[in-house]
Amino acid sequence: MNLTELNKVATAMVTPGKGILAADESSGTIRKRFDAIGVESTEENRRDYREMLFRAKDAMSRYISGVILYDETIWQNAKDGTPLVKLIEQAGAIPGIKVDEGTQALPMCPGETVTVGLDRLAERLKKYYERGARFAKWRAVIDIGSGIPSMTAISVNAHALARYAALCQAAQIVPIVEPEVLMDGDHDIERCYEVTQRVLNKTFQELRVQRVALEGMVLKPNMAISGKKCAKQASVEEVAEKTIRLLKACVPAAVPGIAFLSGGQSDEEATAHLNAMHKLGPLPWGLTFSYGRALQAAPQKAWSGRPENVAAGQRAFSHRARMNGLASRGEWQSSLEQKAA
Ligand code: 13P
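Quick note: the sequence shown uses my numbering, first residue 61, plus one each step.
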C-alpha cells in the first residue's frame with residue numbers, strides 16, 4: 061500500500077469547489093428513477109443517460125472531482141466506442157466504483173439489514189483498478205424506528221465497512237466509507253444526532269481495529285437532520301450547526317475529507333445545508349457533496365429519455381453541479397437559484 065498516493069487521491073476527491081457525482085444506482089434503483097420519467101430501463105438507455113452526464117464538459121471539469129459508477133457502467137462504452145471511464149478521466153475527474161452488493165435481512169434483528177459483498181472483493185478490486193477506478197464505495201444502511209437501530213446492526217455493519225476499507229487500501233483504492241442513517245421516519249433531529257453519533261463512533265473504532273489508514277479514506281455520512289415525517293423540521297442553520305458539532309466530535313482530523321449523501325433532501329436543501337456548514341469554518345477536513353438524487357433529479361426530468369433533450373439535461377446537471385460547487389466553498393446564495401429559473 062502506498063499511503064501517500066492514497067492520500068493524494070482522497071484529497072483530490074474533496075478539492076474545494078468540487079464534489080462527487082454518485083451515479084452508481086443499482087439496476088433496481090435506476091429502474092425506479094427511470095419509471096418516474098417514463099423511460100424504459102434498458103442497458104442502452106442507462107448508457108445514454110450516463111453518457112449525457114459525463115459529456116457535460118463544463119460541469120464535469122469545473123465542479124466534479126469524481127464519479128461513482130455501478131459495475132455495469134464501468135465496463136460500458138459510449139455510443140462512439142470510447143469507454144465511459146475515459147470520458148470521466150478526460151474531463152479531469154476520478155472514476156470510482158460501488159462495490160457492495162446491497163443489503164440482506166439481519167437474522168434476529170427484525171427490520172434491520174447488513175450490507176454484503178465481501179466475498180471475492182479482493183479479486184474484484186484488482187479488476188476495477190485495472191479499468192481505472194481509484195476509489196470505491198460501500199454503503200451500510202441504518203434505519204431509525206421504534207426499538208431500532210440495535211447495537212447488533214450498528215456493530216456488524218461497522219465491521220463490514222472496515223473489512224471493505226482495509227481490502228480497498230490493500231488494492232491501492234481509496235475507500236469511501238458510507239454509514240447511512242436514513243432520514244425516513246418521524247424522528248426529530250436530536251434522535252438522528254444521537255444515532256449517527258453511535259454509528260460513527262463504532263465505525264471509527266472498527267476502522268482502527270482493522271488498521272485502516274484514516275489518511276487514505278473519505279467518509280460519506282448523512283447530515284444531522286429531522287426525519288422526513290417529523291412534524292418539527294429543523295432549520296438550515298440548525299442542521300449545519302448540529303452536523304458540524306457531530307462530525308467534529310466523531311471524525312478524526314486525519315481523515316482528509318467528508319462528502320455527504322443527499323438521502324432524500326430536496327435539491328436546494330442539500331445545497332443550502334452544505335453551504336451553511338462552510339459558514340462555520342475553518343473545518344479540520346475537506347467538506348463537500350457526494351450526491352445522487354440531489355444532482356440528478358433535475359437532469360433526469362429535463363432529459364426524459366429523448367435525444368433532443370440532451371442539451372437541456374446537461375444544462376440542468378451543470379446548474380446543480382455549479383450550485384453545489386459554490387456551496388462547497390460557502391459561496392452559494394439562494395438568489396442564484398432564482399436567476400437560473
Ligand atoms: P443520494 O444523494 O441520492 O442519497 O445518493 C448518494 C449515494 O450514493 C447513496 O449511497
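Cβ coordinates follow ideal geometry from the N, Cα and C atoms, glycine included.
Quick one: residues in its chain with C-beta nearer than 7 angstroms to the C-beta of residue i, no 5 flanking neighbours on either side, listed in chain order?
i	result
residue 258	214
residue 306	253, 256, 257, 284
residue 276	63, 66, 67, 70, 229, 234
residue 88	none
residue 8	One cannot answer for residue 8 here, as it falls past the ends of the chain, which runs 61 to 401.
residue 302	249, 253, 284
residue 90	101, 106
residue 368	none
residue 357	327
residue 208	171, 172
residue 227	181, 182, 185
residue 199	160, 175, 238, 240
residue 72	125, 154
For the alpha helix (DSSP H) holding residue i, just list the boundary residues, first then last.
i	result
residue 363	353 to 363
residue 150	144 to 150
residue 334	327 to 338
residue 386	370 to 387
residue 220	211 to 230
residue 96	87 to 96
residue 265	249 to 269
With a cut-off of 8 angstroms on the beta carbons, I'd call residue i and residue j a contact; round off their distance for me.
i	j	result
residue 350	residue 124	Not a contact, Cβ separation roughly 10 angstroms.
residue 286	residue 248	6 angstroms
residue 204	residue 251	6 angstroms
residue 82	residue 352	4 angstroms
residue 144	residue 153	The pair is not a contact, with the Cβ atoms about 12 angstroms apart (cut-off 8 angstroms).
residue 157	residue 361	The pair is not a contact, with the Cβ atoms about 27 angstroms apart (cut-off 8 angstroms).
residue 165	residue 114	Not a contact, Cβ separation roughly 35 angstroms.
residue 404	residue 274	This structure cannot speak to residue 404, because the chain is shown only from 61 to 401.
residue 109	residue 363	7 angstroms
residue 112	residue 370	5 angstroms
What does a CB cutoff of less than 6 angstroms around residue i pick up in its chain, not counting 5 residues either side in sequence?
i	result
residue 387	331, 334, 335
residue 294	249, 286
residue 304	337, 340
residue 128	82, 84, 156, 158, 197
residue 202	209, 241, 259
Whole angstroms are fine: how far does the CA of residue j sit from the CA of residue i?
i	j	result
residue 135	residue 345	33 angstroms
residue 246	residue 289	4 angstroms
residue 85	residue 396	29 angstroms
residue 197	residue 338	24 angstroms
residue 392	residue 102	37 angstroms
residue 263	residue 223	11 angstroms
residue 390	residue 380	15 angstroms
residue 244	residue 92	17 angstroms
residue 217	residue 210	11 angstroms
residue 377	residue 265	38 angstroms
residue 375	residue 269	46 angstroms
residue 383	residue 236	23 angstroms
residue 359	residue 366	12 angstroms
residue 316	residue 140	37 angstroms
residue 406	residue 61	Beyond the ends of the chain as shown, which are 61 and 401, falls residue 406; an answer cannot be given.
residue 187	residue 329	37 angstroms
CB-CB under 8 angstroms to residue i, same chain, minus the five flanking residues each way: which ones, in chain order?
i	result
residue 318	74, 278, 279, 280, 281, 307, 311, 345, 346, 347, 348
residue 178	220, 223, 224, 227
residue 314	274, 275
Between which two residues does the beta strand (DSSP E) carrying residue i extend?
i	result
residue 128	124 to 129
residue 199	195 to 202
residue 173	173 to 175
residue 238	234 to 241
residue 154	154 to 158
residue 164	163 to 165
residue 274	Counting along the chain, residue 274 falls outside any beta strand (DSSP E), and DSSP gives it neither H nor E.
residue 79	79 to 83
residue 318	317 to 320
Would you check whether the ligand COA has a heavy atom nearer than 8 angstroms to the C-beta of residue i?
i	result
residue 153	In the structure on display, the ligand COA does not appear, and the ligands it does have are the ligand 13P.
Pocket of the ligand 13P defined by Cβ to heavy atom distance under 5 angstroms: Here the list is 82, 199, 321, 322, 323, 351, 352, 353.
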